[in-house]
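Asks: For the sequence shown, the numbering used here begins at 75 and goes up steadily by one.
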Amino acid sequence: MKINVVTIFPEMFAPTLEAGVVGRARRNGLVQVEVHDLREHTADKRRTVDDAPFGGGPGMVMAPGPFFAAVESLAPPPGSPIVLLSPQGQVFTQTHAERLAQEQTLTLLCGRYEGVDERVAQHLATMELSVGDYVVSGGEIPALLVIDAVTRLLPGAVGRGEEAVGDDSHTSGLLQHPQYTRPPEFRGYAVPEVLLSGDHAAIARWRREQSLRRTQQRRPDLLAAADLTAEERVLMREEG
Ligand SMILES: C[S@@+](CC[C@H](N)C(=O)[O-])C[C@H]1O[C@@H](n2cnc3c(N)ncnc32)[C@H](O)[C@@H]1O
Numbered sequence: 075m076k077i078n079v080v081t082i083f084p085e086m087f088a089p090t091l092e093a094g095v096v097g098r099a100r101r102n103g104l105v106q107v108e109v110h111d112l113r114e115h116t117a118d119k120r121r122t123v124d125d126a127p128f129g130g131g132p133g134m135v136m137a138p139g140p141f142f143a144a145v146e147s148l149a150p151p152p153g154s155p156i157v158l159l160s161p162q163g164q165v166f167t168q169t170h171a172e173r174l175a176q177e178q179t180l181t182l183l184c185g186r187y188e189g190v191d192e193r194v195a196q197h198l199a200t201m202e203l204s205v206g207d208y209v210v211s212g213g214e215i216p217a218l219l220v221i222d223a224v225t226r227l228l229p230g231a232v233g234r235g236e237e238a239v240g241d242d243s244h245t246s247g248l249l250q251h252p253q254y255t256r257p258p259e260f261r262g263y264a265v266p267e268v269l270l271s272g273d274h275a276a277i278a279r280w281r282r283e284q285s286l287r288r289t290q291q292r293r294p295d296l297l298a299a300a301d302l303t304a305e306e307r308v309l310m311r312e313e314g
């Protein structure tokens with residue numbers, strides 16, 4: 075998979091893209107991330123990317139020209155997603171990550187200042203994604219979140235024994251069960267006995283129950299769409 079990023083702060087990416095699962099996926103050739111400086115696609119000597127908003131108001135708006143020029147020079151395959159990171163977009167979920175991980179090429183556009191001229195959202199980007207209902211100063215950290223969430227879903231990106239992607243919160247539509255490691259007792263806090271029992275069926279049952287209860291307590295909104303057996307649905311209704 076190839077991921078293009080367009081930003082005025084390319085230097086924000088290298089350290090994060092070298093570490094952990096994403097770093098290894100890049101080194102193993104599973105994903106190629108190219109970070110492009112938006113200012114390379116400006117038409118003036120001062121490499122201007124922004125201008126005052128039409129209609130007045132505070133701050134500066136990122137002009138459409140450099141974004142269009144950058145994407146045209148990258149020439150992503152027709153139909154491939156061009157994502158504008160924006161607090162006004164659809165809230166990014168595991169389902170988006172799963173869909174994007176199927177693509178050969180993904181292009182991420184990072185805004186700054188008061189945001190990006192609307193014509194980028196309307197006529198260049200194929201979708202807008204938000205990382206949550208809050209505003210950060212730029213699209214770079216949101217883009218890194220998307221890169222990480224997508225990359226870890228690429229086959230082979232997450233090593234066996236390190237993590238099990240399929241078991242993660244949100245992958246099954248539920249939150250994951252609680253996790254414990256050694257020591258079995260820490261400062262008087264004991265690990266649930268079933269986890270030390272060696273009884274794999276009992277452990278699987280306990281984990282499933284914990285996952286259901288935790289989701290019901292913390293994120294009841296997720297339960298409606300989750301894949302539950304009829305018996306589990308009845309149990310959740312009784313306990314809810
Ligand atoms: C300060 S924000 C601009 C917010 C804009 N004035 C508004 O109210 O919608 C600057 C840039 O940060 C990025 N950004 C901010 N919050 C975001 C979020 N929740 N999700 C994705 N991108 C975000 C976007 O690229 C945005 O263009």
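By construction, the Cβ of each residue, glycine as well, lies at the ideal position given by its N, Cα and C atoms. Since the structure is predicted, the reported quantities are computational estimates derived from the model, not experimental observations.
Between Leu249 and the rest of its own chain, which residues show a CB-CB distance below 8 Å, the 5 nearest in sequence each way excluded?
Replies: Residue numbering aside, residue 249 sits at position 175 when the sequence shown is read from its first letter. Closer than 8 Å at the Cβ level, and outside the excluded window around Leu249, lie Ser243, Ser285, Arg288, Thr289, Arg292, Arg293 and Leu296.
Asks: Would you say the beta carbon of Pro132 is closer than 7 Å to some non-hydrogen atom of ligand 1?
Replies: Position 58 of the sequence shown, counting from 1, holds the residue named residue 132. It does not: the Cβ of Pro132 is nowhere closer than 7 Å to a heavy atom of ligand 1.
Asks: Using a Cβ-based criterion (distance less than 7 Å to any ligand heavy atom), does Gln196 qualify as near ligand 1?
Replies: Translated into positions along the sequence shown, residue 196 becomes position 122. Gln196 Cβ: outside cutoff for every heavy atom of ligand 1.
Asks: Among all the DSSP beta bridges, which residues are the ones paired with Glu202?
Replies: The sequence position of residue 202 within the sequence shown is 128, counting from 1. The partner list for Glu202 (beta bridge, DSSP) reads Leu158.
Asks: So the candidates are Met86, Met201, Leu174 and Gly94; which of them puts its Cα closest to the Cα of Lys76?
Replies: Translated into the one-based positions of the sequence shown, residue 76 becomes position 2. Closest option to Lys76, Cα to Cα, is Leu174.
Asks: Looking at the unbroken beta strand (DSSP E) that takes in His110, where does it start and where does it end?
Replies: In the sequence shown, counting from the first residue as 1, residue 110 sits at position 36. His110 -> beta strand (DSSP E) spans Gln106 to Asp111.
Asks: Do Ile156 and Leu183 have their C-beta atoms closer together than 8 Å?
Replies: Looking up residue 156 in the sequence shown gives position 82. Looking up residue 183 in the sequence shown gives position 109. Contact flag set, yes.
Asks: So what's Gln250 in DSSP terms, helix, strand or just coil?
Replies: By one-based count along the sequence shown, residue 250 stands at place 176. Correct three-state label for Gln250: coil.
Asks: In its own chain, which residues sit with a C-beta less than 8 Å from the C-beta of Gln164, not counting the 5 before and 5 after it?
Replies: Here residue 164 is taken as the residue at index 90 of the sequence shown, counted from 1. Hits under 8 Å: His170, Met201, Glu202, Leu203 and Ser204.
Asks: Tell me the start and end of each unbroken alpha helix (DSSP H) in the segment 111 to 188 that is at least 4 residues and wholly inside, in chain order.
Replies: DSSP runs (the alpha helix (DSSP H)) wholly in the segment 111 to 188: 138 to 148 and 168 to 174.
Asks: Starting from the C-beta of Tyr254, find all residues in its chain whose C-beta is less than 8 Å away, skip the five residues before and the five after it, and write them out in chain order.
Replies: Here residue 254 corresponds to residue number 180 of the sequence shown, with the count starting at 1. The answer, listed in chain order, is Val265, Pro266 and Leu269.
Asks: Taking 8 Å as the cut-off, does the segment 78 to 88 touch the segment 103 to 112 (at least 3 CB pairs, one atom from each stretch)?
Replies: As far as the Cβ criterion goes, the segment 103 to 112 touches the segment 78 to 88, which means the pair count is three or higher.
Asks: Once DSSP output is grouped into helix, strand and coil, what is the label at Val224?
Replies: Here residue 224 refers to the residue found at position 150 when the sequence shown is read from its first residue. Helix, per DSSP.
Asks: Where DSSP assigns a beta bridge to Phe260, which residues make up the other side?
Replies: Residue 260 sits at position 186 when you count from the first residue of the sequence shown. Answer is Tyr263.
Asks: By how many angstroms is the C-alpha of Glu192 removed from the C-alpha of Phe141?
Replies: Taking the sequence shown and counting its residues from 1, the one referred to as residue 141 is at position 67. Taking the sequence shown and counting its residues from 1, the one referred to as residue 192 is at position 118. Cα to Cα, the separation comes out at about 12 Å.
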